[in-house]
Amino acid sequence: MGSETNEMGNTKGTRRKSRCSKWIVMLITGAMLLSPGYGFASVVKADGENGKSAASMAASQLTKTGEEIITSGARLIHYQFTTTRGGKPATAKLNIIEADLSNPYLKLDTMTGKSGQLTTRQSVSGMVKDTGAVAGVNGDYYNTGLEGVPLGGAIAGGAMVSSPSALKGMYAFAVTKEGKPSIDEYRFEGYVQGEDSSTFPLAGINKATYMTEPDKKYSHMDTMYIYTSAWKNQERPSKSSTTPTEVLVRNGVVERLSEMSSLPMTAPEDGYILRGHGKAAEYMRQNMQVGMLVSAKYHLNSQTTGQQVDPGQFQMMIGGHTLLVENGKASGFTRNTDSISGSSARARTAVGYSKDGRYAYIITVEKNDSSVGLTLAEMQKALVQANVWKAVNLDGGGSTTMVHRPLAETSTILSHDTETGSTQRAIVNGLGIFTTAPKGEVKGMMLAGSEKLFIGQEASYTMKAYDQYYNPIDASNTNVNWSSSNSVLVWNGTSFVAKKSGKAQVVAKSGSAKTTKDVEVIGASSLDELYIAASGAPLVAGTAVTLPVKAKLKDGTTVNVPKASVTWELQGFSGNVKDGVLHVTKVPEGSQIGYAFANYDGFKTMIPVTVGAEKLIEDFNKTALTPSFAGLPKESTFGTASIVGNYEGRSAADKVVKLTYDMSKGAANKFAYAILNGGAGLPLGGTPTSMKIDVYGDNSMNWLRAKFTDKNGKEYLHDVSKYIDWSGWKTINVDMSSIGASGDLTLERLYVVNLQDGQDERAAVGEIAFDNIRAHMPAGSSISLPSADMKLTVNSKTASVNGKDKKLDVAPIVLHNSTYVPVKVILDEFGGKSTWNSAARKVTVLRGDRYIELVVGAKEFISNGKRNKSEVAPVLRSNRTLVPLRLVSEQLGLVINWDIKSKSITIR
């Protein structure tokens, strides 16, 4: 496969640029990891087996949301699947690459690790790049604790890379050399024959160790395996619990024999190594001495038809897990799905084909911020609605990855976020989509660049072109004149500048030809929230703090706002914001709080700048606190917790807490705790809005959590990081604004979580460390705000404040069943300030760490940069702006009580 892909890549590189430019002008004018277990049932019925009930159809619906062409014969179709889960609607995104197997230029093939070799692991993007594929997904299951070999059969470029394991109910997807797809369960059968015509059974090709089914035997005990040059490691295999005898066979002749030890080499390209143990080793000693003739023959056996199948008939094969769809209906699960979290909503990968066998379908289900994932039963319903005739489940969860080459582009992109964001897991193999199309005539061209911009942002666009086979061609020599359709965008000679919100077209002309791209410049009306991705800053001269600004759009996407698009206003101190960094230059004596306001197109948010905003809780350098270890369940979780120096880049004087854990026994939910200060914990001195912890990660994919307690002993569990997906030191910012606690908190323990659901995807043994725990306190905790007990009465200009009468300029009134007052009535007693913008008819209120914007007559208001809706709106009465009392008071953190009999309101 390597030579074929290299040749394909060289062909693409020989396109002639001059001819390409001419064509362009003519055109525009016209135009889940599996750890092998035991005791699997042979068939487990799936929900909704043998078709869809009326209830299930009513509760689930698959809707096409878009599609894009990848290459001739392959398109990527996007779907949304809505179902009912727990009585509530749940929406997941599906992506299906439809591959036309009748297309003479399209082929599917198996991609293997690095350089096409087993015992190596690589991301899907890496394998696609290495092989020259135009798209790809993750492939087969494998034992994460071993060297990285698929459990199922693998055929790439017509050659068998790995044979199927002797496991029940594991199906595989294959395509014949004639382009016909199939999904079946196979077993490997073969033998070696000595020159005396004696034979010995072969157990497989290039297999890692496993426990066979249904007899539950060690795979490499008393058996013989072939290992080819596709197996990179010299150990064949690791953790086999057997001592090998090996022979090197080249051109049908034994060249080397190593009794009771491995050959210190890898198999050559023109030969193979036979590896035997026990009875197999004895046969090898008697029949495979150096110079003797030996041959090997093998085939596959279909477990559904009982027929022998020649592996040579296949162009490709990739192993999977349970059957999902058969004859257009949800099938029974052919293997127990507990170990692959079948009943949990996860990211999923599958492959199937159409009823007529013309189309192969390569499928992923997303689990990320915009998609809830699916159970296997839910996925079955979605695939049936997508008219998939037969399908098999591939590895999923954190392994689910799809990449594809966008039209006219030369490289691939991640098609959607994985369960861990943009991180791609290194896996053993994948399913690739390839094109062998020759150079073609230009079919289309397009502009590549951002479709959404912010005011003030600069952007460049490039000309892209594709041929009649939808493959990219070089358009770099095309002379292009650039312009904009209106004043929303301005061309400055080298790039476009977004001047104001609105829609425009980027216009590219080449001779008499023209093409355009629609661009939207985002305005305030498109924002749902504007926020500063930092918890605060110290009000100390000399402070320099990065203040990244982010926006959540009304379509649900979150984007970074370019630094040049944000204007800043500072209150309560002197300073500036340059290139996204706040510099505090001067602080008035006695100041307790200041504010940094970020403004984008009139949409504001703010961050408080307070005295002592961030404080060090513990750096463990001079502490007498000794951590201790605890594990649950006790019989299967072991480890240590200790304070050490000289830890991975730290000095001897810089102490850290080291937590080691071993969760390799059992299959329950497991927890490894570093208990701080004998359980008394570390007092935080209040309720922080966020914490920072330096964490040394082990890339285990386990969860990292913290346990807090308040002064009443109430416990709060909070995620520090959903996945430990990094190695080495990293500072983790823990958002604690949603923890729901009040009063003083204590950090009692930090711990590693390995839940049973998806446990096969996470490392059971590892080591992490903690250092430099810091807490950021809310503005209200570091400044003194006035407190009062205030009583107001509807239609009365007399209020009671801390038991004393006070005259008001305007009496509270009731409109639309809501009480209204001038906001000054509240701020006079509880602190803060307000401003009035008569042109915009807008009142703004600032108190402590709360900032509110309200517009007369509008039920929508903005609180700390987020749009909210109320049932009532501010009103104008006698040239006075009256605000809804309950709305404003509660937004400012005050408590309101209403006495219906006396028509009085108490504010505290």
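Residues in the sequence shown are numbered from 210 upward in steps of one, following this note's numbering.
Here a beta-carbon is modelled for each residue, glycine too, at the ideal position from N, C-alpha and C.
Which full runs of the beta strand (DSSP E) of 3+ residues lie inside the segment 264 to 339, going along the chain? 270 to 280, 283 to 294, 297 to 309, 315 to 321
Which residue comes first and which comes last in the alpha helix (DSSP H) that contains residue 914? Unbroken run through residue 914 is the beta strand (DSSP E), 912 to 919; no alpha helix (DSSP H).
Compare the Cα-Cα distances from residue 483 to each of 416, 510, 540 and report the closest residue. 416
Contact belief for residue 344 with residue 383 at Cβ below 8 Å, rounded distance in angstroms: Not confirmed; about 19 Å, so no contact.
Reduced DSSP secondary structure (H/G/I, E/B, other) of residue 705: strand
In the segment 1003 to 1084, which residue ranges form an unbroken beta strand (DSSP E) of at least 3 residues, counting only runs that do not cross its ends? Unbroken beta strand (DSSP E) stretches of 3 residues or longer found wholly inside the segment 1003 to 1084: 1007 to 1010, 1013 to 1016, 1022 to 1024, 1027 to 1030, 1042 to 1046, 1051 to 1056, 1059 to 1064, 1069 to 1072, 1075 to 1078, given in chain order.
What number of angstroms, rounded off, separates the C-alpha of residue 864 from the C-alpha of residue 887? 18 Å
Kindly indicate the opening and closing residues of the alpha helix (DSSP H) around residue 488. 488 to 496
Going by other Cβ atoms of all chains shown within 10 Å of its Cβ, with 16 needed for buried, is residue 686 buried or exposed? exposed
Does the distance from the CB of residue 871 to the CB of residue 977 come in under 8 Å? no
Neighbour-count burial assignment, residue 625, 16 or more Cβ in a 10 Å radius: buried
Flag this pair as touching only if the segment 1050 to 1061 and the segment 1097 to 1105 have three or more C-beta atom pairs under 8 Å; answer yes or no. Yes, they touch.
Residue 464 versus residue 498: straight-line alpha-carbon distance, rounded: 8 Å
At 3 residues or longer, what runs of the beta strand (DSSP E) sit wholly inside the segment 705 to 772? 705 to 707, 711 to 719, 722 to 731, 736 to 741, 753 to 755, 758 to 762, 767 to 769
Sub-8 Å separation of residue 672 and residue 717 beta-carbons: yes
For the structure I just gave you, are there three or more beta carbon pairs, one from the segment 312 to 326 and one from the segment 484 to 491, closer than 8 Å? no
Apart from the five residues on each side of it in sequence, which residues of its chain come closer than 6 Å, Cβ to Cβ, to residue 927? 915, 948
Within a Cβ cutoff of 7 Å, which residues of the same chain sit near residue 695, ignoring the five residues on either side of it in sequence? Scanning its chain for C-beta atoms nearer than 7 Å, with the 5 sequence neighbours on each side dropped, one finds around residue 695 the residues 713, in chain order.
Are the Cβ atoms of residue 1118 and residue 510 separated by less than 8 Å? Past the edges of the chain, shown from 210 to 1117, lies residue 1118, and the structure says nothing about it.
Could you spell out the range, first to last residue, of the beta strand (DSSP E) harbouring residue 588? No beta strand (DSSP E) contains residue 588, which is instead part of the alpha helix (DSSP H) from 585 to 594.
Measure from the alpha carbon of residue 1075 to the alpha carbon of each residue in 1084, 1066, 1061, 1068, then state which is nearest. 1061
Just to confirm, are residue 445 and residue 470 a CB contact at a threshold of 8 Å? no
Between the CA atoms of residue 586 and residue 256 - distance to the nearest angstrom: Only weak support is given to the placement of residue 256: the predicted model assigns it a pLDDT of 34, under 50, and the question is left unresolved by the model.
What's the C-alpha gap between residue 715 and residue 726? Rounded to whole angstroms, the separation of the alpha carbons of residue 726 and residue 715 is 5 Å.
What would DSSP say about residue 1098, mapped onto helix, strand or coil? Helix at residue 1098.
Report the rounded CA-to-CA distance for residue 1097 versus residue 1045, giving the unit in angstroms. 15 Å
How should residue 312 be labelled, buried or exposed, when 16 other C-beta atoms within 10 angstroms of its C-beta is the threshold for buried? buried
So for residue 650, helix, strand or coil by DSSP? coil
Flag this pair as touching only if the segment 877 to 884 and the segment 917 to 926 have three or more C-beta atom pairs under 8 Å; answer yes or no. no
Does the count of Cβ pairs from the segment 265 to 279 and the segment 589 to 608 closer than 8 Å reach three? yes
Measure the C-alpha to C-alpha separation of residue 749 and residue 877 and round it to an integer number of angstroms. For residue 749 and residue 877, the gap between their C-alpha atoms comes out near 50 Å.
Exposed or buried, what is residue 310 when buried is set at 16 or more other beta-carbons lying within 10 Å of its beta-carbon? buried
Pop quiz: residue 917 and residue 889 are said to be a contact at Cβ under 8 Å. What is the actual Cβ separation, rounded to whole angstroms? Their Cβ separation, rounded to whole angstroms, is 13 Å, which puts residue 917 and residue 889 out of contact at 8 Å.
For residue 461, count the other beta carbons within 10 Å of its own beta carbon; 16 or more makes it buried, fewer makes it exposed. Which is it? Residue environment analysis places residue 461 among the exposed positions, since fewer than 16 neighbouring C-beta atoms fall within 10 angstroms of its C-beta.
Whether residue 639 touches residue 354 by CB criterion (8 Å): no
Would you mind working out which of 812, 767, 819, 595 sits nearest residue 799, comparing C-alpha positions? 819
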